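**Q** Numbering-wise (my numbering), the first sequence opens with residue 4 and increments by one.
Note that the Cβ used here is the ideal one computed from N, Cα and C, for glycine as well.
A quick note: this is a predicted structure, and the numbers were derived from the prediction, not measured.
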Amino acid sequence: MFADQSSNVPVAKDLASVLAPSRSIDFQIPGLTNPGRVLFPRDGITKRDAAAYLFQVNKWLLPHIVDRPISLLRCADGIDGEQFFQRHPGKGFPSEITTLSLDSEDEPLLAINDAEALLATAQISAIELHPWGCRSDDIENPDRIIIDLDPDEAVGWNVLVEAAFIVRSELESRDLKTFVKTTGGKGLHVVVPLTGQHTWQQVFEFSKLFATALAKLHPKRFVANMSKSRRQGKIFVDYHRNRRGATAIAAYSLRARPGASVSTPITWDELPMVNPGDFTLRTLPTRLAALRTDPWAGLESTEQRLAE
DNA sequence: GACAAGC
DNA sequence: GCTTGTCAACGCTGA
DNA sequence: TCAGCG
Ligand SMILES: [Mn+2]
Ligand SMILES: [Mn+2]
Numbered sequence: 004m005f006a007d008q009s010s011n012v013p014v015a016k017d018l019a020s021v022l023a024p025s026r027s028i029d030f031q032i033p034g035l036t037n038p039g040r041v042l043f044p045r046d047g048i049t050k051r052d053a054a055a056y057l058f059q060v061n062k063w064l065l066p067h068i069v070d071r072p073i074s075l076l077r078c079a080d081g082i083d084g085e086q087f088f089q090r091h092p093g094k095g096f097p098s099e100i101t102t103l104s105l106d107s108e109d110e111p112l113l114a115i116n117d118a119e120a121l122l123a124t125a126q127i128s129a130i131e132l133h134p135w136g137c138r139s140d141d142i143e144n145p146d147r148i149i150i151d152l153d154p155d156e157a158v159g160w161n162v163l164v165e166a167a168f169i170v171r172s173e174l175e176s177r178d179l180k181t182f183v184k185t186t187g188g189k190g191l192h193v194v195v196p197l198t199g200q201h202t203w204q205q206v207f208e209f210s211k212l213f214a215t216a217l218a219k220l221h222p223k224r225f226v227a228n229m230s231k232s233r234r235q236g237k238i239f240v241d242y243h244r245n246r247r248g249a250t251a252i253a254a255y256s257l258r259a260r261p262g263a264s265v266s267t268p269i270t271w272d273e274l275p276m277v278n279p280g281d282f283t284l285r286t287l288p289t290r291l292a293a294l295r296t297d298p299w300a301g302l303e304s305t306e307q308r309l310a311e
């Protein structure tokens, strides 16, 4: 992370000084090559901006990804260039990013376990972070379910919000407490933390059953069938996020989209008052600084399991 | 983005 | 030294 | 079987 930089640009003494309001844009973040590389052309957002964002939010973001296998969406030439997922380390991969060699996997997986590893993701232009729904040390037992709501183009935001409240209420009637976040795209994620032991099969069967029940209950609003043609004007309840090896965008991760949007945890109370475009690399630091409490307070301490 | 091969 | 090419997931669904 | 999907 502190590799040679053969340039006469001053190197910041520490990351805090990089982020000071009066900072010179000439300061470098240690170890970051091509800091001026534009990753988001429409927004003029650079690799340096992405690294600074990750540093600023690291205490919020890390709890949602540490000790989980993770896949990275990399955009070495910016979001308009070639993009690719990476789920295994390769040659020259940053040593800060943990390599998980698991008996169950043919190839090692990745994990981001501290702030240094998070900054290393900026160095390799890994914009999106996609963790698994389980812990590295308990790979066969998921500890959360994500009900992924994918609206068709024709579905308005307010309809989606209403739909999310229906999901919340249906899960509440099954004695499950839920948390909600924007995806940074057009959808919403309803997160169900689990304690105790559940298998992938249990979790998948539950979410499939839940999605199909929802579609049966509100056929005008929801579909559980992923075929595009059946989704006209409806919300696809994508239960496929809850399979072993499947991933979903991490809370507080950037998205590789114009605007540098962020998948953002919110409270159920603020859901009716926000717009999906409210949350970006530019706005998140301000939002987080102003928050009096974690919108997801209680997620870690929620103890609940699926009915037998 | 990192690396190896080819010029 | 510089340029160029190669590589960097995965597995299910529904037709 | 395979393009499409997230
Ligand atoms: Mn490149
Ligand atoms: Mn989705």
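Would you decide whether S256 is buried or exposed? Buried here means 16 or more other CB atoms lie within 10 Å of its CB.
**A** Per the 10 Å Cβ criterion, buried.
**Q** So, at 7 angstroms on beta carbons, what are the nonlocal neighbours of R308 in its own chain, with the 5 sequence-adjacent residues on each side left out?
**A** Excluding residues within five positions, the ones whose Cβ falls inside 7 angstroms are L197, T198, G199 and H201.
**Q** Please give me, in chain order, every unbroken run of the beta strand (DSSP E) with length at least 3 that falls completely inside the segment 194 to 243.
**A** Correct list: 238 to 241.
**Q** Do L75 and F88 have their C-beta atoms closer together than 8 angstroms?
**A** Yes, they are a contact pair.
**Q** Between L35 and A125, is the Cβ-Cβ spacing less than 8 angstroms?
**A** Yes; because the gap between Cβ atoms is below 8 angstroms, this pair is in contact.
**Q** Under 7 angstroms from any heavy atom of ligand 1, does the C-beta of A53 make it?
**A** Checking the Cβ of A53 against ligand 1 gives no.
**Q** Return the first residue and the last residue of the alpha helix (DSSP H) that A292 is part of.
**A** L287 to A293 is the span of the alpha helix (DSSP H), which, as asked, contains A292.
**Q** May I have the straight-line CA-CA distance separating R51 from A214, to the nearest angstrom?
**A** Spanning the two alpha carbons is a distance of roughly 41 angstroms.
**Q** By the three-class DSSP mapping on this structure, what secondary structure does E131 have?
**A** Strand, per DSSP.
**Q** Beta carbon of E99, beta carbon of E85: below 8 angstroms?
**A** Not closer than 8 angstroms, so no.
**Q** Is the closest heavy atom of ligand 1 to the C-beta of D83 under 7 angstroms?
**A** Incorrect: D83 has no Cβ contact closer than 7 angstroms to ligand 1.
**Q** Quickly, what does DSSP pair P268 with across the bridge? List them, please.
**A** K184.
**Q** Taking 7 angstroms as the cut-off, does the CB of K129 come closer than this to any heavy atom belonging to ligand 1?
**A** Strictly speaking, residue 129 in this sequence is Ala, with Lys absent from that position. It does not: the Cβ of A129 is nowhere closer than 7 angstroms to a heavy atom of ligand 1.
**Q** Short of 6 angstroms in beta carbon distance, which residues of its chain neighbour G236, apart from the five on each side in sequence? Order them along the chain.
**A** Cβ within range, chain order: D155 and A157.
**Q** Taking 7 angstroms as the cut-off, is the CB of D241 close to at least one heavy atom of ligand 2?
**A** Yes.
**Q** Using a Cβ-based criterion (distance less than 7 angstroms to any ligand heavy atom), does D151 qualify as near ligand 2?
**A** Answer for D151: yes, Cβ within range of ligand 2.
**Q** Let me check one thing: in DSSP terms, what residues is F87 bridge-paired to?
**A** DSSP, once it has assigned bridges, lists R77 as partnering F87.
**Q** If we ignore side chains and look at the alpha-carbon of each, how far apart do I28 and A259 end up?
**A** Reliability fails at I28, whose pLDDT of 37 lies under 50, so the model's placement of it is uncertain and the value that follows must be treated cautiously. Distance between the alpha carbons of I28 and A259 is about 23 angstroms.
**Q** Could you give the DSSP three-state label for L103: helix, strand or coil?
**A** Three-state DSSP puts L103 in a strand.
**Q** Taking the C-alpha atoms as reference points, what is the distance between A320 and V240?
**A** Beyond the ends of the chain as shown, which are 4 and 311, falls residue 320; an answer cannot be given.
**Q** Assign A218 to buried or exposed, taking buried as 16 or more other Cβ atoms, counted over all protein chains shown, within 10 Å of its Cβ.
**A** Buried: at least 16 other Cβ atoms inside 10 Å.
**Q** Taking just the CA atoms, how far does D297 sit from N37?
**A** N37 and D297: Cα-Cα distance of roughly 34 angstroms.
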